[in-house]
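Last residue of the sequence shown: 511 (my numbering), numbering continuous. The beta-carbon is built from N, C-alpha and C at its ideal position, and this holds for glycine as well. One structure is given below, encoded as structure tokens.
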Amino acid sequence: MTPEEVRDYERDVMRRVADLALVPPVLNTSPLPEYGYDQLDYGMTIGIERTPGGRLWACWVAGGDSPKAFFVLATSDDDGETWSEPRLVVDTHSPHLPRERSILVGNLWTDPKGRLWLIFDQSMDMFDGRAGVWVSLCENPDAETPEWSAPRRLWHGVTLNKPTVLSNGEWMLPISLDQRGGFGPFKGTFPELDPYRGANVFVSTDEGATWRRRGAARFPNPDWHEHMIVERRDGSLWMLARTRGGIMQSVSTDGGRSWSESSEPEGIRHPAARFHVRRLASGRVLLVKHGEQIGSHQGRVALSAWLSEDDGKTWRGGLVLDERKGISYPDGFQAPDGTLYISYDRNRSTDGEILLARFTEEDILAKTLVSPGSKLKILVSRPLKGKEPEADRKP
């Protein structure tokens with residue numbers, strides 16, 4: 117065989133291995149005792165959401181930021197003060213597979229109809245060059261026994277952040293098809309997808325029944341993208357994305373069909389890490405980033421919240437949600453009463469804590485908690501495997 121024939125054969129074998137990630141995953145709605153906290157030893161936050169009835173759902177990664185990854189979900193019925201044991205697990209590992217099959221990237225989202233979406237990727241290894249975005253819907257997320265739909269695959273790639281509901285009623289979903297084309301033995305396995313690699317946006321005009329790719333932005337030195345989209349007052353779409361050099365931006369003035377050349381957002385500096393940005397009911401834009409100043413950071417330290425009244429041109433506030441090292445991956449939502457909720461993780465491989473900050477816009481502007489219901493460093497979960505039996509789940 118010629119070297120080209122050998123490479124074609126290798127690529128064909130890896131494609132067939134990657135096809136194992138197309139097998140529909142099964143949701144485990146009775147995960148105890150196998151997935152109790154005493155069996156978990158890792159914690160990386162994925163997302164948090166509120167149901168119409170006020171229940172909080174949190175989702176995080178167990179197993180590792182690695183091919184060992186799987187999803188765990190728990191709930192709170194007292195505004196985050198206490199949390200259930202794991203209630204739902206998505207773990208598609210199998211001893212019969214030739215490579216690990218991971219569930220590593222996703223989020224939770226309550227849509228305008230009140231349905232709770234669990235969005236997650238499935239891939240061989242960490243990224244097989246194609247992966248795939250899967251969704252499962254829960255129409256009774258406040259019930260004693262919530263029911264989840266069978267997962268369906270939307271497209272390739274991964275989705276880490278929540279959709280944006282646009283002013284024209286469209287739902288816009290950010291889907292990243294990594295520009296690096298696959299890791300390890302999967303690198304170069306799906307060259308036909310190369311034209312679609314980037315920070316894609318998908319749009320639904322029928323309340324999530326179908327989704328269509330509309331366009332994509334591409335960024336230099338990509339690092340998972342983890343992009344989010346804010347609709348500006350002038351109707352343009354402002355995309356922020358993660359790169360190895362920090363946050364970069366792109367703008368679309370045609371509903372996401374085409375995107376401007378990427379650039380650094382003026383005044384914002386952030387490490388190669390996840391951030392959170394969203395339009396609030398007040399009209400302000402919320403940004404949660406690392407650093408006590410909007411224009412600087414010291415790595416994954418000092419997670420802080422900021423507000424903009426001019427669509428991201430200038431920023432006020434700077435409420436530090438957690439000043440410690442080893443904190444990352446903020447995600448959140450705004451409750452109907454205006455309260456803001458941000459989840460994040462701390463020391464994933466050692467403490468493995470998933471934490472929650474509950475605060476208001478007034479707190480952000482005051483740079484300290486001034487609202488009666490506000491509270492920081494609320495513990496959502498902590499893995500207990502290998503820790504002392506008397507370890508308390510409260511901070």
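- Around the Cβ of residue 315, a 10 Å sphere holds 16 or more other Cβ atoms; the residue is buried.
- Spanning the alpha carbons of residue 297 and residue 304 requires a straight line of approximately 6 Å.
- Here residue 229 has 323 as same chain residues with Cβ atoms under 8 Å from its own Cβ, once five neighbours each way along the sequence are excluded.
- The beta-carbon separation of residue 358 and residue 342, rounded to 4 Å, stays under the 8 Å limit for a contact.
- Per the C-alpha coordinates, the member of 175, 406, 414 and 445 positioned closest to residue 434 is 406.
- Cβ neighbours of residue 137 within its own chain (closer than 8 Å, five residues either side excluded): 217, 238, 239, 240, 244, 246, 247 and 248.
- Assigned with DSSP and collapsed to three states, residue 194 falls in coil, not helix or strand.
- Beta-bridge partners of residue 220 (DSSP): none assigned.
- Here residue 389 is buried: its Cβ has 16 or more other Cβ atoms, across all protein chains shown, within 10 Å.
- Here residue 242 carries a coil assignment [DSSP, helix/strand/coil].
- Nearest C-alpha to residue 335 among 427, 355 and 172: 355.
- The alpha-carbon of residue 374 is positioned some 18 Å away from that of residue 294.
- If you compare the alpha carbons of 213, 194 and 321 with that of residue 258, the shortest gap goes to 194.
- Of the residues assessed, residue 413 falls on the buried side of the cut-off, its CB having 16 or more other CB atoms within 10 angstroms.
- Per the C-alpha coordinates, the member of 480, 448, 426 and 438 positioned closest to residue 459 is 448.
- For residue 290, the enclosing beta strand (DSSP E) begins and ends at 287–293.
- With fewer than 16 neighbouring CB atoms inside 10 Å of its own CB, residue 325 falls in the exposed class.
- DSSP places residue 121 in the helix class (H, G or I) of the three-state scheme.
- Bounds of any alpha helix (DSSP H) do not take in residue 451, whose DSSP letter is neither H nor E.
- Cβ atoms of residue 331 and residue 285 stay farther apart than 8 Å, at about 19 Å.
- The shortest CA-to-CA distance from residue 206 to any of 177, 455 and 199 is the one to 177.
- Rounded to the nearest whole angstrom, the CA to CA distance from residue 400 to residue 425 is 5 Å.
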